[in-house]
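Peer 1: Taking the UniProt record's numbering, the leading residue of the sequence shown gets 1, the next gets one more, and so forth.
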Amino acid sequence: MAKITFVTFDGVRIEANAENGSTVMENAIRNAVPGIDAECGGACACATCHVYVDEDWTSVTGEPEAMEEDMLDFAYDVRPNSRLSCQIRVSDDLEGLVVHVPERQA
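#1: DSSP three-state call for I14: helix, strand or coil?
#2: Below 8 Å on the Cβ atoms is my contact criterion, and I expect M1 with S85 to pass it. Report the Cβ-Cβ distance as a whole number of Å.
#3: How would you call G35, buried or exposed, if buried means at least 16 neighbouring beta carbons within 10 angstroms?
#4: Where does M71 land, buried or exposed, given buried means 16+ other C-beta within 10 angstroms?
#5: Looking at the structure shown, is R30 part of a helix, part of a strand, or coil, going by DSSP?
#6: CB-CB under 8 Å to R13, same chain, minus the five flanking residues each way: which ones, in chain order?
#7: What are the complete beta strand (DSSP E) segments, minimum 3 residues, inside the UniProt domain "2Fe-2S ferredoxin-type" (2 to 105)?
Structure representation (structure tokens):
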């Protein structure tokens with residue numbers, strides 16, 4: 001289990017206890033994080049779960065794979081630390097992870 005902090009565009013911090021094996025997106029939905037739409041339900045097919053991984057965590061979460069990079073082309077305001085939260089799998093290594101929600105989703 002890992003604690004994840006979601007920071008909304010307007011600065012509200014939402015902490016969630018996430019079970020190992022789940023995704024960051026699933027935990028955003030469970031905790032009603034505003035701005036995470038997840039229209040495709042986690043199939044890496046819509047880019048509506050786009051987040052910015054806090055700079056301290058980018059090496060831990062890793063780089064997006066090819067399919068995720070293709071979907072990020074459809075996301076709003078993509079940055080070097082952009083990820084689709086449906087593609088970040090929770091593990092003990094993510095204890096304390098901080099992700100920021102963009103102003104809007106694509």
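Using N, Cα and C, we set each Cβ at its ideal position, and we do this for glycine too.
Peer 2: Taking the geometry as given:
#1: strand
#2: Not a contact, Cβ separation roughly 17 Å.
#3: buried
#4: buried
#5: helix
#6: T5, F6 and V7
#7: 2 to 7, 13 to 18, 50 to 53, 82 to 84 and 97 to 100
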